[in-house]
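Residue numbers (our numbering), protein chains in the order written: chain Y, 7 to 308; chain U, 1212 to 1527.
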């Protein structure tokens, strides 16, 4: 039993605790209606939706070319022309923030999708097939989780060489681990349920039982956890970018912008205030939405 | 219980070997030829075939991987993690000389976390749905959303640049410790306080608390003597995690505050492509984390001896 040093807390997996209960996902319309009825979850939903929209539409939203420098107009205060003023090279800060959203949010979502996919596939295999495969997979997962994922991701990116793609690969390579363990636990609990026994008695194939009968029933809790984790992935991506392991300089990205802004901390603190607020607000959005999803999917937790 | 502890300690060995495997093969993911980049770094020119071969032989890179690993493992067991590709210094010496700074920072941050979190959590549990309870909920959400390294920069702006109360950079006396430790601790404190609250609330609902109350034990005594100890188990596990997270996160905080710890060392090693150093860092910090989790389990056991029984029955 080692300490789970993954970032997840509220859903930390305690080996002494009973297996997580399964929650049957309500029909799609019901889920949305219940989310909207909860003001904090609604706030989270709005923030996340806005962030994704800005990220997708960034090139059309940004009023200026985020790379165009103007040394005659550095550190300009906010104005009608430059909503958030200009940065140390006279670039439009608002445009950089908007395009930064594109890099930060879309990369985070891509990493989130990657870890979720790997985690579900490996966790389901491990939980459903069981036996030696399960033992082997879980041994590896436990071993890697003995190490804080942040440091592991740091070292892997460092070894592969800095860059956004390598950073994303390193983060996916590290953060699927705790998902796999979560999914495995849920699948194990499901495997013994009557309807799975029934499906087995009917002679359905293992693959069909796993994908049609078990997976749909573990999607609910995974969805809530995945949303919370996405907020954390955003913070970790920003932290590692801040260390210079992500995008190369002219590309705007919130973590990298913070690290640039740090150099002008005393003279132009606004340059590190904006990206910091953006990161915190979007992470907050994912956290609110994740909490809301968990409440909606499992009202007994309230 | 002795059997449980013995098993728990014995479990360290395969885990530690796993960590060395991880460290060794992780740095082999590096693109390019290590001998080539080593030569270029030392001589500042491209090597010819003979020079490349001799460098490879000197670094021991011409041997089969398993042999290289075993040779390196043999050193690691004795505390010899090789020499830095970059500075030529002993990796172990470098890590050992830098570790106290990181340990000091993470320990201070963990203590601050506990000092803030436990009283707040207890009060929030006793005065449920009070203003403090609601504020704590908001603080915990913010703690999970505000990046610690941004908080660090804000603290520098307020306390170093504007108020000029505290130094921001370097490590020279206790006043240098305040800002980095606070930056690490504040977010965690809110989260741990929430955990303390829910854990205490759960215990307060148990039968023996009702019994104590029915016997007329004063409420203060019920909470402090009966409930608190039993609710600390979850918090201790969390503190172990917090300590590990803070250790990991200190890489970022150390960079900001120019704190001479091993996190900073690792980030520098990445910049210098110093793979022997990185490899040593993984083994070293992995060892630290494994030992931390051992201590956490033992403290947990001391607080709640039922754990050993449950494990003995093979509940896991």
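Glycine residues also receive a C-beta, built at the ideal position from the N, C-alpha and C atoms.
Nearest residue (CA-CA) to residue i, options the options
| i | options | result |
| --- | --- | --- |
| residue 1235(U) | 1276(U), 1475(U), 1450(U) | 1276(U) |
| residue 1462(U) | 1349(U), 1316(U), 1416(U), 1516(U) | 1316(U) |
| residue 1504(U) | 1217(U), 1223(U), 1426(U) | 1223(U) |
| residue 1291(U) | 1513(U), 1490(U), 1483(U) | 1490(U) |
| residue 155(Y) | 90(Y), 182(Y), 145(Y) | 182(Y) |
| residue 1453(U) | 1355(U), 1493(U), 1335(U) | 1355(U) |
| residue 1287(U) | 1493(U), 1513(U), 1464(U), 1438(U) | 1493(U) |
| residue 165(Y) | 1255(U), 1479(U), 1512(U), 1225(U) | 1479(U) |
| residue 141(Y) | 195(Y), 187(Y), 91(Y), 285(Y) | 187(Y) |
| residue 1339(U) | 1353(U), 1398(U), 1377(U), 1412(U) | 1412(U) |
| residue 1248(U) | 1337(U), 1485(U), 1474(U) | 1485(U) |
| residue 51(Y) | 37(Y), 144(Y), 62(Y) | 37(Y) |
| residue 163(Y) | 212(Y), 180(Y), 139(Y), 273(Y) | 180(Y) |
| residue 1279(U) | 1474(U), 1369(U), 1232(U), 1430(U) | 1232(U) |
| residue 1336(U) | 1502(U), 1475(U), 1442(U), 1460(U) | 1442(U) |
| residue 234(Y) | 76(Y), 118(Y), 63(Y) | 118(Y) |
| residue 81(Y) | 197(Y), 74(Y), 87(Y), 91(Y) | 91(Y) |
| residue 149(Y) | 1373(U), 1516(U), 1228(U) | 1228(U) |
| residue 212(Y) | 132(Y), 168(Y), 35(Y), 41(Y) | 132(Y) |
Cβ shell of residue i (< 7 Å), same chain only, five flanking positions each side left out
| i | result |
| --- | --- |
| residue 1328(U) | 1400, 1403, 1404, 1407 |
| residue 1507(U) | 1447, 1448, 1451 |
| residue 1250(U) | 1258, 1262, 1263, 1266 |
| residue 1301(U) | 1294 |
| residue 201(Y) | 219 |
| residue 1241(U) | 1486 |
| residue 122(Y) | 185, 232 |
Other residues of its chain near residue i: CB distance less than 6 Å, five sequence neighbours each side excluded
| i | result |
| --- | --- |
| residue 1341(U) | none |
| residue 16(Y) | In this prediction, residue 16(Y) scores a pLDDT of 35, lower than 50, which makes its location untrustworthy; no coordinate-derived value is stated. |
| residue 27(Y) | Summary for residue 27(Y): the model assigns pLDDT 48, below 50, so the residue's position carries little reliability; its value from the coordinates is reported in the next sentence. Cβ neighbours of residue 27(Y) beyond the five flanking positions: none. |
| residue 1320(U) | 1392, 1395, 1396, 1457 |
| residue 1510(U) | 1447 |
| residue 248(Y) | 261, 264, 265 |
| residue 24(Y) | Because the pLDDT of residue 24(Y) is 43, which lies under 50, any placement of that residue in the model is unreliable, and the number read from its coordinates should be weighed accordingly. So no residue of the chain qualifies. |
| residue 1497(U) | 1230 |
| residue 93(Y) | 99, 277 |
| residue 1268(U) | none |
Terminal residues of the alpha helix (DSSP H) in which residue i lies
| i | result |
| --- | --- |
| residue 1368(U) | Careful: residue 1368(U) lies outside any alpha helix (DSSP H) and carries neither H nor E. |
| residue 89(Y) | Neither: residue 89(Y) is in no alpha helix (DSSP H) and is coded neither H nor E. |
| residue 81(Y) | Where residue 81(Y) is concerned, there is no enclosing alpha helix (DSSP H), given that its DSSP letter is neither H nor E. |
| residue 217(Y) | Counting along the chain, residue 217(Y) falls outside any alpha helix (DSSP H), and DSSP gives it neither H nor E. |
| residue 1495(U) | 1486 to 1514 |
| residue 1452(U) | 1439 to 1467 |
| residue 1408(U) | 1386 to 1415 |
| residue 1318(U) | 1302 to 1337 |
| residue 1470(U) | Segment: none, residue 1470(U) is in no alpha helix (DSSP H) and carries neither H nor E. |
| residue 110(Y) | 99 to 135 |
| residue 276(Y) | 276 to 303 |
| residue 260(Y) | 260 to 268 |
| residue 1298(U) | Here residue 1298(U) belongs to no alpha helix (DSSP H), and DSSP marks it neither H nor E. |
| residue 1283(U) | 1276 to 1288 |
| residue 1262(U) | 1260 to 1269 |
| residue 184(Y) | 170 to 197 |
| residue 1212(U) | Unbroken run through residue 1212(U): none, as it is neither H nor E. |
| residue 1235(U) | 1223 to 1238 |
heavy atom of the ligand SAH below 8 Å from residue i C-beta
| i | result |
| --- | --- |
| residue 1318(U) | The ligand content of the structure shown is nil, which means the ligand SAH is not present either. |
Short CB-CB distance (under 9 Å) between residue i and chain A
| i | result |
| --- | --- |
| residue 1477(U) | Note that chain A does not occur in the displayed structure, where the protein chains are Y and U. |
Same chain only: Cβ atoms within 8 Å of residue i, ignoring 5 sequence neighbours per side
| i | result |
| --- | --- |
| residue 69(Y) | 89, 98, 100, 101 |
| residue 46(Y) | 294, 297, 298 |
Would you say the region 240 to 256 of chain Y touches the region 160 to 173 of chain Y, given that touching needs at least three Cβ pairs under 8 Å?
Look at the beta carbons and you see the region 240 to 256 of chain Y touching the region 160 to 173 of chain Y: at least three pairs across the two are nearer than 8 Å.
Cβ pair count under 8 Å reaching 3, the region 1354 to 1371 of chain U against the region 1464 to 1483 of chain U:
yes
Taking three-plus beta-carbon pairs below 8 Å as touching, is the region 238 to 245 of chain Y in contact with the region 106 to 120 of chain Y?
yes
Are the region 1416 to 1425 of chain U and the region 1343 to 1355 of chain U touching by the rule of at least three beta carbon pairs closer than 8 Å?
no
Note down, in chain order, all residues in the region 262 to 293 of chain Y with a beta-carbon under 7 Å from any beta-carbon belonging to chain U.
Per Cβ criterion, the list reads 264, 268, 271, 272, 275, 278, 282, 285, 286, 289, 290, 293.
Please name the residues in the region 166 to 179 of chain Y whose beta-carbon is closer than 8 Å to at least one beta-carbon of chain U, in chain order.
166, 167, 168
Short of 8 Å Cβ to Cβ, which residues in the region 1383 to 1407 of chain U face chain Y?
1402, 1406
Within the chosen definition, does the region 122 to 132 of chain Y reach the region 209 to 226 of chain Y through at least 3 CB pairs nearer than 8 Å?
yes
Taking a Cβ distance cut-off of 8 Å, strictly less, list which residues of the region 96 to 121 of chain Y are near chain U, in chain order.
none
Chain Y contacts made by the region 1341 to 1365 of chain U, where a contact means CB separation under 9 Å
1352, 1353, 1355, 1356, 1357, 1358, 1359, 1360, 1361, 1362, 1364, 1365
Any contact between the region 285 to 297 of chain Y and the region 202 to 211 of chain Y? By contact I mean 3 or more CB pairs, one from each, below 8 Å.
Touching, no, given that fewer than three Cβ pairs across the two stretches are closer than 8 Å.
Using a Cβ-Cβ cut-off of less than 7 Å, list which residues of the region 233 to 249 of chain Y approach chain U; keep chain order.
Among the residues of the region 233 to 249 of chain Y, those with a Cβ less than 7 Å away from any Cβ of chain U are 237, 241, 244, 245, 248, 249, in the order of the chain.
Can you pull out the residues from the region 131 to 163 of chain Y whose beta carbon lies closer than 9 Å to at least one beta carbon of chain U?
145, 146, 148, 149, 150, 152, 153, 154, 155, 156, 157, 158, 160, 161, 162, 163
Using a Cβ-Cβ cut-off of less than 9 Å, list which residues of the region 1459 to 1472 of chain U approach chain Y; keep chain order.
Along the region 1459 to 1472 of chain U, the positions whose C-beta sits under 9 Å from a C-beta of chain Y are 1459, 1460, 1462, 1463, 1466, 1467, read in chain order.
In the region 1320 to 1333 of chain U, which residues sit with their C-beta less than 8 Å from some C-beta in chain Y, listed in chain order?
none
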